[in-house]
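Protein chains in written order, with our numbering: chain X, 515 to 657; chain H, 515 to 657; chain W, 515 to 657; chain C, 515 to 657.
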């Protein structure tokens with residue numbers, strides 16, 4: 515069981531996410547990370563769409579991914595999201611993507627993203643206090 | 515040789531556009547239609563990005579596609595774009611996607627899209643006179 | 515309440531599905547139709563991934579979409595899928611995409627797709643009897 | 515001018531690659547890296563589609579990206595690709611994405627990918643001798 519600071523999103527692979535290798539294309543995991551962090555924030559009461567309407571955008575400034583095993587159409591995947599660093603402007607998240615099929619889960623991909631608070635003109639700004647506090651509450655302290 | 519009112523864009527299939535059937539996923543042709551009409555407008559001096567900055571957006575309100583043969587990674591495709599109707603608010607375009615490989619071209623897909631001029635709040639507006647005139651000039655009168 | 519022959523899939527809009535108009539890009543609905551029909555089949559016990567492993571692929575040969583109102587990141591959408599025609603080789607599906615937010619649903623998009631049974635070399639084949647029977651059971655007879 | 519071991523691909527941003535921040539979505543650069551390396555190989559006579567037909571697939575096992583400035587619809591981008599390491603099974607590539615608009619180029623994104631030779635069942639295999647030699651010739655020795 516993952517600690518409370520790890521959020522889990524589960525959803526089926528979509529057909530169009532596969533490529534001619536017969537597995538999910540590697541760029542798709544970047545979308546899945548985004549799905550994971552959006553759901554993680556929402557669960558804690560932070561609606562990212564609403565945050566953008568307030569004029570605060572979280573722009574991705576760094577992403578990394580390591581692929582360990584392929585995801586395939588026909589299975590469900592789990593995205594585990596946790597926050598691992600909170601600064602004034604930036605927040606770092608880490609992800610694990612697992613195959614949810616069968617009795618045991620297989621680790622497919624690990625990765626991270628670094629996000630910066632920006633205004634609608636994409637200039638760096640300080641994170642609003644309520645958002646920063648929320649991220650600090652979500653901060654994974656173990657693992 | 516197509517008439518002057520038909521614009522041709524040629525580009526290679528991208529790997530991620532394939533799916534596990536080993537061919538280009540059918541949704542990708544919607545992207546290609548967009549590439550085709552953007553290039554067709556640009557060739558005539560209409561920069562769609564600039565048009566949006568003027569506050570005029572062309573929103574797609576209807577699309578149709580018929581698939582005749584699959585496109586594959588490794589080949590180049592041609593998108594033929596022509597305008598077939600110009601109204602006050604709307605413009606209709608038709609497309610043919612062909613495989614550019616080999617000595618003869620194979621027809622892969624035909625389709626159309628209907629676009630409506632809208633303002634940034636997506637409310638219908640009349641097309642600016644210069645844009646409408648350009649579309650009328652581009653209007654395919656034969657075929 | 516839709517009739518039993520209409521399957522409903524509900525899921526949140528993904529951020530990357532938006533475009534610079536601030537709404538979901540029109541090609542994304544083609545993906546959503548695919549999500550809808552995959553889920554509709556699965557609910558009836560037909561795993562499309564398994565069908566492909568049996569050597570039966572359902573290739574899309576025609577798609578049409580009408581856009582009535584935009585979907586936006588931050589909301590959930592519902593895809594309603596129903597089968598409206600079953601032939602020896604082909605099956606026709608119709609879709610309605612609705613916004614699930616708020617107390618009432620708004621119709622965003624309607625469309626259809628026509629699929630043909632093909633073998634792994636993409637040559638048309640008769641639909642296996644069990645698949646055809648299932649599609650006939652799913653056939654929407656009203657509306 | 516980049517050294518001969520750096521390959522440059524230039525193409526326009528596609529509309530659907532933008533997101534509601536008004537800039538190109540960060541996952542798209544993963545596609546662009548793929549476009550860059552496919553073109554780089556092709557220029558040297560290595561058709562990746564043909565390589566797959568020989569039973570040799572290059573699977574991505576690690577990707578990293580740093581975003582410095584946003585790409586926008588309406589401009590052309592350049593992807594610079596170079597090979598920076600060649601092993602028995604794996605090859606490492608590095609990329610720079612630049613905005614091609616205006617008189618000077620702006621660096622938008624840097625990144626890398628690590629690819630492994632695998633067979634069609636995705637099991638690691640040694641790179642064929644001709645491919646390995648070609649990659650060694652392409653190996654960037656300066657910069």
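C-beta atoms are modelled at their ideal positions from N, C-alpha and C, and glycine is treated no differently.
- Annotation: residue 641 of chain C to residue 573 of chain C spans about 12 angstroms, alpha carbon to alpha carbon.
- For the region 554–609 of chain X, the full-length beta strand (DSSP E) segments reaching 3 residues or more read 571–581 and 590–600 along the chain.
- Contact annotation for residue 529 of chain W against chain X: 545, 548, 549, 552, 562 and 563 [CB-CB distance below 9 angstroms, chain order].
- In the three-state DSSP reduction, residue 551 of chain H falls in the helix class (H, G or I).
- Going by DSSP, residue 645 of chain C is part of the alpha helix (DSSP H) stretching over 643–652.
- Taking 8 angstroms as the cut-off, the beta carbon of residue 534 of chain H is found closer than this to the beta carbon of residue 536 of chain X.
- When DSSP states are grouped into helix, strand and coil, residue 611 of chain H belongs to the strand group.
- For residue 625 of chain H, the uninterrupted beta strand (DSSP E) run begins and ends at 620–632, by DSSP.
- Close to residue 615 of chain X, with beta-carbon spacing below 9 angstroms, lies no residue of chain W; the smallest spacing is near 11 angstroms.
- When secondary structure is reduced to three states using DSSP, residue 545 of chain H falls in the helix class.
- Residue 521 of chain H sits in a strand when the DSSP states are folded into three classes.
- Rounded to whole angstroms, the separation of the alpha carbons of residue 563 of chain X and residue 519 of chain X is 22 angstroms.
- At a cut-off of 8 angstroms, the C-beta of residue 609 of chain C has no neighbouring C-beta in chain X.
- With a threshold of 8 angstroms between beta carbons, residue 521 of chain C makes no contact with chain X.
- Taking 8 angstroms as the upper bound for CB-CB distance, residue 627 of chain X and residue 607 of chain X are in contact here, some 5 angstroms apart.
- In the DSSP assignment, the residues bridged to residue 538 of chain X are X:532.
- Taking C-alpha positions only, residue 624 of chain X is separated from residue 554 of chain C by approximately 28 angstroms.
- Of all residues in the region 575–596 of chain W, the ones placed with a Cβ closer than 9 angstroms to any Cβ belonging to chain X are 586, 587, 588 and 589, in chain order.
- Taking a Cβ-Cβ cut-off of 9 angstroms, residue 622 of chain X has no neighbours in chain C, whose nearest Cβ is about 12 angstroms from it.
- Beyond the five residues adjoining it in sequence on each side, residue 644 of chain H comes within less than 8 angstroms, by CB distance, of no other residue in the same chain.
- Identification of chain H residues near residue 555 of chain W by a Cβ-Cβ cut-off of 9 angstroms yields none; the smallest Cβ-Cβ distance measures about 16 angstroms.
- For residue 636 of chain C, a Cβ of chain X is located within less than 8 angstroms of the residue's own Cβ.
- Contact between residue 634 of chain W and residue 550 of chain W does not hold, since the beta-carbon distance rounds to 25 angstroms and is not under 8 angstroms.
- Counting only residues of its own chain and dropping the five nearest sequence neighbours on each side, residue 603 of chain W has a CB closer than 8 angstroms to the CB of 630, 631, 638, 639, 640 and 641.
- Between the alpha carbons of residue 556 of chain X and residue 585 of chain W lies a distance of about 19 angstroms.
- Using a Cβ distance threshold of 8 angstroms, residue 611 of chain H and residue 546 of chain H count as a contacting pair.
- In this structure, the straight-line span from the alpha carbon of residue 558 of chain H to that of residue 538 of chain W is close to 28 angstroms.
- A straight line joining the alpha-carbon of residue 593 of chain W with that of residue 609 of chain W spans about 7 angstroms.
- Burial is judged here by how many other beta carbons sit within 10 angstroms of a residue's own beta carbon; residue 526 of chain C has at least 16 and is buried.
- Closest option to residue 517 of chain X, judged by alpha-carbon separation, among X:595, X:552, X:648 and X:600: X:595.
- Taking C-beta separations shorter than 7 angstroms and ignoring five residues to either side along the sequence, the partners of residue 650 of chain C in its chain run 600, following chain order.
- Pairing residue 583 of chain H with residue 544 of chain H, the inter-Cα distance amounts to about 16 angstroms.
- Contact note: residue 541 of chain H reaches chain W through 541, 544 and 545, using a C-beta cutoff of 7 angstroms and chain order.
- Considering only H:532, H:548 and H:591, the residue with the shortest C-alpha distance to residue 524 of chain H is H:591.
- About 6 angstroms separates the Cβ atoms of residue 648 of chain C and residue 560 of chain C, confirming a contact at the 8 angstroms cut-off.
- The Cβ neighbour count for residue 552 of chain C, taken over all protein chains shown within 10 Å, is at least 16; the residue is labelled buried.
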